[in-house]
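Each position in the sequence shown, counted from 1, maps to that position plus 113 in the working numbering.
Every residue gets a Cβ at the ideal spot worked out from N, C-alpha and C, and that includes glycine.
First comes the structure, then the notes that go with it.
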Amino acid sequence: MVTPRTATPRNFSRPTYGGHQAAVAARLGAPFIPWQRYVADVAGEVDEKGMLYYNTVFLTLPRQAGKTQFDLGRNLQSCLMGPNRRAWYTAQSGQHASAKWREMSDVFVESKLKRAARRRLTNGSEVLKFRNGSEFRPHPPTEDSLHSKQSDTNSVDEAWAFSELQGTQLLAAIQPTTATRRMLVGQQPQLWIISAEGTIESTFWNPRIDAARAMENPRTAVFDFGIPDGSDPTDLENIARWHPGYGTLLDMETLVTAAGQLPPGEFARAYGNRRTGATERVITAEAWAGAGDLDLEPAGPVCFGAAVGVDGVDTTITVAQRVTPAVGQPYVRVAVVKGGHDNGTWWALDRLKELSAKYGAPVAIDRVGPSASLYLEAQAAGLTLVDLDSAKVSAACQRTLGGITNPNGPTLRFKQHHALDGAVELATRRWISDGAWVWGRRASVGSISALESATLAAFGLDNMPKTVGFQLG
């Protein structure tokens, strides 16, 4: 196993449920790698009464280390440990929690364990319901999301994204749900707080992981993997040496690609698990979380947007359509189309032709910059294009920022996609005249094609050629 920076040692005088969790992971088709088995063995230790010894576990890992598969197996093992257990999962927003839970449940229903539980995907009441009465559910990270609920294990994922207020409210919501479980089910409830390292703005996570590393609370376990303090975060061999998933879940090519696409500080945080300084995001994490899709059905005309990343590193195609809730403010919903994000540009024109032929909808593409060639190809192919110039592109960018941060509620909402999330985190502004700006492609370091495409699709919906107006069928 890669040597962790800090780790609670195994107490071999105590039995452990680690082997049970390893067996569940194997049935899921994801046998444990060394760090996973070690963490499961230590965190699964039981005392002389058969109760889990640790009531709180801190786990901090770099990206692509196998965190999600590990947490899935751990929650499933808890549900299978006895009847009527309650396992809950949350992340930085309700949308993220639901999406990640669905991703985990997809693994379950494709596994050899699928007969152990039934899955329900109804929004707001997703659940894996086990034959023994146990349940595994997601919930939003709000102070009232677990009101009148009970829990035996709780996963708080991506804790670096929480403010101090958000995090403390969440913990206050979780604690009452565990109060009677030792007596009711005969087992110690367990809270898992899981995250990569944060930024200077991670006011909830930073002091808690720092305190956990001191290892002063005997009932708290901590497992901290990443590059040592003082080591070079730009040295890929150094990153590889200390990454617990290297050689099993990722290779050097993955690290080279990530280092080329991410700003140095974000790469160090993501793959070296090193805390970074203040982030100067144009679109704050809070505003972006608030602009998540409400899962309502859009209707009416659609407009597609397409954008190429700097140096042709990738291309993204998005679709925009209006949504009018029965109660609430109307908004435009933007999503990356199926098969609408990939490396390079070679595939994009054919995909745009397919979409145009199917829906008869226009496409918004910037005629200058990295997308210029795609614009000319689309024009030559006879696609209907939204009329754009530099002034309109600038207006589109400003409308996007305003639509996301509208104090009366977002007028632009976005269906979650990893390319959009990454682009929003990286995006900066490039000023082109007195008070006018556009998204800064090169200043953002990594590709922001997904955000640029979404910006143009939303703008194009309000500026469509009069000859089109078809809708998604």
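Linking A324 to P122 through their CA atoms gives a straight-line distance of about 17 Å. P346 carries a coil assignment under DSSP once its states are collapsed to helix, strand and coil.
A Cβ-Cβ distance of about 7 Å is found for the pair L362 and A178, placing them in contact under the 8 Å criterion. Here DSSP, grouped into helix, strand and coil, assigns Q149 to helix.
About 6 Å separates the CB atoms of N386 and F338; that is less than 8 Å, so the two are in contact. Rounded to the nearest whole angstrom, the CA to CA distance from Y166 to G131 is 13 Å. With distances taken between CA atoms, R512 lies nearest to W552 out of D463, L533, W552 and M577. Beta-bridge partners assigned by DSSP to K242: R231 and E248. DSSP places D337 inside the beta strand (DSSP E), whose first and last residues are T333 to D337.
Leaving aside the five residues that flank P523 on each side, the residues in its chain whose CB is nearer than 7 Å to its CB run, in chain order, G403, A404, Y444, G516 and I517.
Per DSSP, the unbroken alpha helix (DSSP H) holding V222 starts and ends at G207 to V222. DSSP, reduced to helix, strand and coil, places D364 outside both helices and strands of the structure shown, so it counts as coil. Under DSSP, the beta-bridge partners assigned to H454 are T429. Three or more beta-carbon pairs separated by less than 8 Å are not found between the segment 186-205 and the segment 331-348, which leaves the two stretches without contact. In its chain, beyond the 5 residues on either side, V421, G425, T428 and L487 have a beta carbon closer than 7 Å to the beta carbon of T458.
A direct Cα-to-Cα measurement between G535 and D219 gives close to 23 Å. Secondary structure of L304 (DSSP, three-state): strand.
Using a C-beta cut-off of 8 Å, the segment 128-142 makes contact with the segment 184-196, since at least three inter-stretch Cβ pairs fall below that distance. An exposed status is given to P578, since fewer than 16 other beta-carbon atoms sit within 10 Å of its beta-carbon.
The segment 461-540 is shown to contain whole beta strand (DSSP E) runs of 3 or more residues at 525-527, in chain order.
CA-to-CA, the gap between Q279 and P253 works out to about 11 Å. The beta carbon of T281 sits closer than 6 Å to no other beta carbon from its chain once the five residues preceding and following it are set aside.
When rounded, the separation of the alpha-carbon atoms in V240 and G413 is 33 Å. In the pairwise beta carbon analysis, the segment 223-241 is classified as touching the segment 140-152: at least three pairs are separated by under 8 Å. When DSSP states are grouped into helix, strand and coil, A156 belongs to the helix group. Within the same chain, Cβ atoms closer than 6 Å to the Cβ of I287 are found at N267, the five residues on either side in sequence being excluded. Sixteen is the threshold: since fewer than 16 other Cβ atoms of the shown chains lie within 10 Å of the Cβ of H531, the residue is exposed.
For L172, the secondary structure class from DSSP, reduced to helix, strand or coil, is strand.
Assigned with DSSP and collapsed to three states, G299 falls in coil, not helix or strand. If you look at W401, you'll find it in the alpha helix (DSSP H) that goes A398 to G403.
In the assembly as shown, H260 is an exposed residue. Its beta-carbon has fewer than 16 other beta-carbons within 10 Å. Looking at F380, A563, Q208 and P520, the one whose alpha-carbon comes closest to that of D408 is Q208. F417 is bridged by DSSP to V432 and V476.
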